[in-house]
Amino acid sequence: MKHPPTAGESAPSPNAETAEPAAPVRLTSKDIAKLVGVSQATVSNAINRPHLVAPKTREEIVRIMAASGYSVNSSARALKSGIGQAIGVVVLDVANPFWGEVVKGIETVTAPGQTPLIIGSSNEDAQTERRILESFESQGVRGILIAPTHANLPILRRFQAKGIRVVLLDRDDPQGEFPSMSLDHAAGAATAARFLLEGGHRRMALVNGSSEISWCSSRSRGFHAECARVAAARVREFNMAAMTVEEGLRSVPALLAIAPAVTAVFCANDMLALGVLKGLAQRGIEVPGAISVVGYDDAMFSELLSPGLTTVRQSAAAIGRQAGLLMTSGDAAEAGPAALPQPQLVVRGSARALAEAER
5 MKHPPTAGES
15 APSPNAETAE
25 PAAPVRLTSK
35 DIAKLVGVSQ
45 ATVSNAINRP
55 HLVAPKTREE
65 IVRIMAASGY
75 SVNSSARALK
85 SGIGQAIGVV
95 VLDVANPFWG
105 EVVKGIETVT
115 APGQTPLIIG
125 SSNEDAQTER
135 RILESFESQG
145 VRGILIAPTH
155 ANLPILRRFQ
165 AKGIRVVLLD
175 RDDPQGEFPS
185 MSLDHAAGAA
195 TAARFLLEGG
205 HRRMALVNGS
215 SEISWCSSRS
225 RGFHAECARV
235 AAARVREFNM
245 AAMTVEEGLR
255 SVPALLAIAP
265 AVTAVFCAND
275 MLALGVLKGL
285 AQRGIEVPGA
295 ISVVGYDDAM
305 FSELLSPGLT
315 TVRQSAAAIG
325 RQAGLLMTSG
335 DAAEAGPAAL
345 PQPQLVVRGS
355 ARALAEAER
């Protein structure tokens with residue numbers, strides 16, 4: 005039995021073969037701040053808002069974090085450049101099935117490599133979009149896929165200047181500032197107009213979203229241009245606050261107030277069309293007997309309606325996949341518009357040709 009050493013007797017040194025290794029010293033953010041000679045808030049910013057910290061200071065914080073075991077992971081490595089592994093995605097309306105399909109398309113590219121996506125929904129509001137972008141910036145994302153409002157292009161330029169890749173989602177970039185992935189929305193809308201004109205419709209309405217949204221403007225341009233080919237054709241356009249079911253429903257009283265009554269309505273997306281169909285049904289107005297309705301997107305619910313919705317199909321999943329390829333490969337040739345199926349009309353029961361007596 006071993007006894008503790010008596011006075012003047014030194015304790016035996018531990019056996020080198022059996023001694024437990026000393027546990028590494030784990031520093032707190034306060035300790036790191038003291039070692040670097042900065043405030044604790046600066047250390048916090050280096051972790052959560054790296055763009056706010058000078059590169060040399062950030063590098064020193066990262067070095068000490070790694071040496072102390074504070075954070076030996078991808079987050080710490082990302083702090084060296086302020087750029088992490090996640091990709092931020094900003095869509096107009098996460099409740100719209102079209103955008104859900106776009107995100108699924110993106111995931112076919114990012115999921116195999118386990119690149120995380122952070123999804124934000126702007127709800128077509130510039131201020132909401134700005135807050136989402138600022139949040140992405142603070143998280144140090146490696147790239148942004150975005151269907152942007154015009155107002156926030158300066159923020160995207162700032163991302164690009166920092167080396168964070170920006171790809172515009174389902175939007176053209178005529179100035180060539182950013183890589184973009186988009187279909188010919190004007191051509192798709194022209195296809196819908198041509199179908200209605202060939203069916204004898206001459207008094208039509210266009211229920212659209214904001215002209216600040218590029219594809220709303222493109223679809224308007226394509227529809228009006230095609231209708232202008234027929235001298236007797238008349239189109240009244242209604243720009244709604246958002247491209248939602250609620251706004252489609254809200255447009256119906258204005259549609260019915262037009263004199264003489266319109267015989268066909270083209271909606272700039274299927275959510276607006278669903279609202280128009282609901283509003284007409286509430287008033288006992290038959291579709292397509294009294295009025296034809298055509299949408300855009302071919303959302304998954306379109307064929308499930310009664311009658312089924314005639315609509316312009318664009319492959320949301322293909323748009324997302326090609327945008328994802330453009331983000332991850334940086335090769336415009338690999339992910340260019342030529343790889344995308346062009347919009348095409350899907351004819352169902354919500355629209356009909358007029359009889360001679362009705363024209």
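Sequential numbering from 5 applies to the sequence shown in my numbering.
Ideal placement from N, C-alpha and C gives every residue a C-beta, glycine not left out.
Residue of the options minimising C-alpha distance to residue i
| i | options | result |
| --- | --- | --- |
| Leu260 | Arg207, Leu358 and Gly167 | Arg207 |
| Arg356 | Ala197, Pro120, Ser319 and Asn212 | Ala197 |
| Glu230 | Glu202, Ser218 and Val249 | Glu202 |
| Ser354 | Ala320, Leu284 and Gln318 | Leu284 |
| Ile110 | Thr315, Leu172, Val40 and Ile36 | Leu172 |
| Leu210 | Gly144, Ala277, Ala165 and Gln179 | Ala277 |
| Ala322 | Met331, Thr46 and Pro345 | Pro345 |
| Leu358 | Leu329, Ile295 and Val170 | Ile295 |
| Leu329 | Thr46, Trp219, Ser214 and Thr112 | Thr112 |
| Gly144 | Ala50, Thr46, Gly288 and Asp35 | Ala50 |
Residue i versus residue j - alpha carbon distance
| i | j | result |
| --- | --- | --- |
| Val57 | Ser221 | 40 Å |
| Arg363 | Pro183 | 46 Å |
| Ile148 | Ala235 | 45 Å |
| Ile122 | Val106 | 14 Å |
| His228 | Val239 | 7 Å |
| Ile168 | Arg161 | 10 Å |
| Gln44 | Leu31 | 12 Å |
| Ala37 | Ser142 | 20 Å |
| Val256 | Arg146 | 44 Å |
| Glu360 | Met275 | 31 Å |
| Gly293 | Gln286 | 15 Å |
| Ser224 | Ser125 | 24 Å |
| Ser333 | Ala232 | 42 Å |
| Gly340 | Gly192 | Interpretation of Gly340 is limited by its pLDDT of 45, a score under 50 that renders its predicted location unreliable; the figure taken from the coordinates is listed afterwards. C-alpha separation (whole angstroms): 18 Å. |
| Leu258 | Ser48 | According to the sequence displayed, residue 258 carries Ala and not Leu. Distance between the alpha carbons of Ala258 and Ser48: 54 Å. |
| Glu138 | Glu181 | 20 Å |
| Ala99 | Leu39 | 48 Å |
| Ile136 | Asp97 | 13 Å |
| Ile150 | Val42 | 36 Å |
| Arg134 | Val170 | 15 Å |
| Ala71 | Ser33 | 13 Å |
| Val237 | Pro264 | The question names Val, yet the displayed sequence has Ala at residue 237. About 13 Å. |
| Arg352 | Gly226 | 22 Å |
| Gly204 | Thr132 | 43 Å |
Assigned secondary structure, residue i (DSSP; H/G/I helix, E/B strand, else coil)
| i | result |
| --- | --- |
| Glu250 | helix |
| Leu157 | helix |
| Gln89 | coil |
| Glu128 | coil |
| Gly299 | strand |
| Glu133 | helix |
| Met331 | helix |
| Ala339 | Since pLDDT at Ala339 reaches only 43, below the 50 mark, its modelled position is unreliable, and the value read off the structure follows with that caveat. Ala339: coil per DSSP, three-state reduction. |
| Met304 | coil |
| Glu209 | Note that residue 209 corresponds to Ala in the displayed sequence, not to Glu. Here Ala209 sits in strand by DSSP. |
| Glu241 | strand |
| Thr4 | With the chain running from 5 to 363 in the structure shown, residue 4 is simply not present. |
| Leu281 | helix |
| Phe182 | coil |
| Arg225 | helix |
| Thr267 | coil |
| Arg356 | coil |
Beta-carbon proximity of residue i to residue j, cut-off 8 Å
| i | j | result |
| --- | --- | --- |
| Ala327 | Tyr300 | no |
| Val297 | Val269 | yes |
| Thr195 | Pro311 | no |
| Pro152 | Arg175 | yes |
| Gln89 | Thr119 | yes |
| Leu309 | Phe199 | no |
| Gly324 | Val280 | no |
| Leu313 | Ser319 | no |
| Val291 | Asp302 | no |
| Ile262 | Glu128 | no |
| Phe242 | Asn212 | yes |
| Ala165 | Ala130 | no |
| Met304 | Pro59 | no |
Tell me, please, whether the stretch 91 to 99 touches the stretch 63 to 71 by the rule of three or more beta-carbon pairs shorter than 8 Å.
-> no
Three-pair Cβ contact test at 8 Å for the stretch 185 to 195 versus the stretch 243 to 257 = no
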